[in-house]
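J.: If you scroll down you'll find the structure; I have some questions about it.
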Amino acid sequence: MKTKKWSFLLLSIILVFSLAGCSGNENGGNPVKQTSQTEQTAVTAEGQEELTPEPGAKLLVWDGKDGVPFLNEIAKEFSDKYKVPVQVQEQGAPEQMKKMKTDGPAGLGADVLVLPHDNLSEAVAGGFVLPNDFYEAQTREEFQETAVNAVTKDGILYGYPRNMETYALYYNKKLVKESDLASWDDIISFSKKFTDVKNKKYGFMMQLNNLYYAFPFFSGFKAYIFGKDNTDPNDIGLNSPEAVEAMKYYQSMREILPMEAADATTDVKTALFQEGKLAINLDGVWNIGNFSKLPFEVGMIPLPKFPNGEIPKTFAGVKAYYVSAYSKYPNAAKLFARYVTTQEALLKNFEKTGFIPARKGMENEPAIKANPMVTGAIEQFKHSVAMPTLFEMQQVWAPMANALELIWKGNDAKATLDNAVNSMKEGIKTLHK
């Protein structure tokens, strides 16, 4: 009798686990559980554990025009090594986001995407990217903290960082010495002497009505956008006492840049800089290639301290590889994303495209060390924060563009910021209706 009972009990246990195993494939579309059940690993010759591609795996990879040449080259290398065919298609980030919503569920989407980090919230909400789980420890250890934070959502790491973008100070070495850029007071002092509006000569220029570029003035006075490290949209800090103080200092700089905010466009200041009529240009690292070809030598340095002794932080954008939740071959896709972000691969990518790697220690590579502008940009990365990825950030840009124009014109900083924040709050309410 006892034997029968034990047999029945054992059969019940087996049945329960069998049912659990079956239901694991129907887990409400949760891709994490599905992939974790199929992960297979191998040990490399170097003694490291890596994923093994699924039998018959083949991959489709999407990236924008500037990233395709490198991917075509590295895809062949990956295919030769792992016997996994890789097709590369040109798709810009906006197109990738649109197509994943339709092509992903239909099985026509890419296995690996390349997206800027401010698309991450939407990608996670749409359920079409997998966490970077297998290589999480290595990614956190090997990449810049700002880059890792940028591709992390709600504590979960999703991306495999590729390159970082930020902005710093370009300067014409024929017109200004680096010692004249040691502090903001030095920049102001130089610009007062150099600026000659009649002859369209300016000591310093930046985009004045764009929060992306104006953020260092807020960060340099310890003001913030959203609370809790930009994760709390209910706490907007852009009209705090610190923000008001920041904007008063910002407003004072009109003395060295006597023009309307709307007139300081990218095209205007780029043309002035290239013509040798602008000495110091606050601009993005994506212009390093262009400014390397000018008839005069250009330097690039991080933003200096403000008069209060604070080092301002710039906004950083991070582009990364992401593995599709709809991929039939997640092991192969994760392995590819890891392969194209190794130190060797990112160095090749830099040499081919100029993308500045988000990996730690890359400034010591001879090819990077040889370009002082790139090393200057990497120094700025160390004093940068990832641009907020919250949906609510959509409601911040326009009110702040308007506020920056008005403040630059001379309007009261506190009243203008209060109005801007009220406008943001109203806009955020519409998002949640």
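Letter by letter, the sequence shown follows residues 2 to 434 of the working numbering. Beta carbons are placed, not taken as given, at the ideal position from N, Cα and C, and that holds for glycine.
1) Compute the Euclidean distance between the alpha carbons of Pro242 and Gly228, then round it to the nearest angstrom.
2) With H, G and I counted as helix, E and B as strand and the rest as coil, what does DSSP make of Leu116?
3) Rounding to the nearest angstrom, what Cα-Cα distance links Val33 and Leu131 in this structure?
4) Of the choices Trp409, Glu123, Thr417 and Ala416, whose alpha-carbon is the least far from that of Asn210?
5) Can you have a look at Glu311 and say buried or exposed, based on whether 16 or more other CB atoms are within 10 angstroms of its CB?
6) So, helix, strand or coil for Gly300, using DSSP?
7) Taking 7 Å as the cut-off, is the CB of Met260 close to at least one heavy atom of the ligand MG?
8) Entirely within the segment 83 to 108 and at least 3 residues each: give me those beta strand (DSSP E) ranges in chain order.
9) May I ask which residues mark the beginning and end of the alpha helix (DSSP H) holding Lys320?
10) Report the option in Pro217, Ile226, Phe216 and His118 whose CA atom is closest to the CA atom of Thr153.
11) Pull up the CB-CB distance for Leu158 and Thr140, whole angstroms please, since I reckon it's below 8 Å.
12) Whose C-beta lies closer than 6 Å to the C-beta of Leu273 among residues of the same chain, with five residues either side of it excluded?
13) Ends of the beta strand (DSSP E) at Arg163?
14) Assuming Leu61 contacts Gln88 under a Cβ cut-off of 8 Å, what Cβ separation, rounded to an integer in Å, is found between them?
15) Please state whether DSSP places Ile237 in a helix, a strand or coil.
16) Sort Ile257, Ser122 and Leu170 by Cα distance to Ser190 and report the nearest one.
17) Taking a contact to mean a Cβ-Cβ separation below 8 Å, would you say Glu393 touches Ile429 in this structure?
T.: Based on what the coordinates show:
1) 15 Å
2) strand
3) With a pLDDT of only 37 at Val33, under 50, the local geometry of the prediction cannot be trusted, and the value read off the model is given with reservation. Distance between the alpha carbons of Val33 and Leu131 is about 7 Å.
4) Trp409
5) exposed
6) strand
7) Ligands in the displayed structure: none, and consequently the ligand MG is not present.
8) 87 to 91
9) Careful: Lys320 lies outside any alpha helix (DSSP H), inside the beta strand (DSSP E) at Thr315 to Val324.
10) His118
11) 6 Å
12) Leu279
13) Tyr161 to Glu166
14) 5 Å
15) strand
16) Ile257
17) yes
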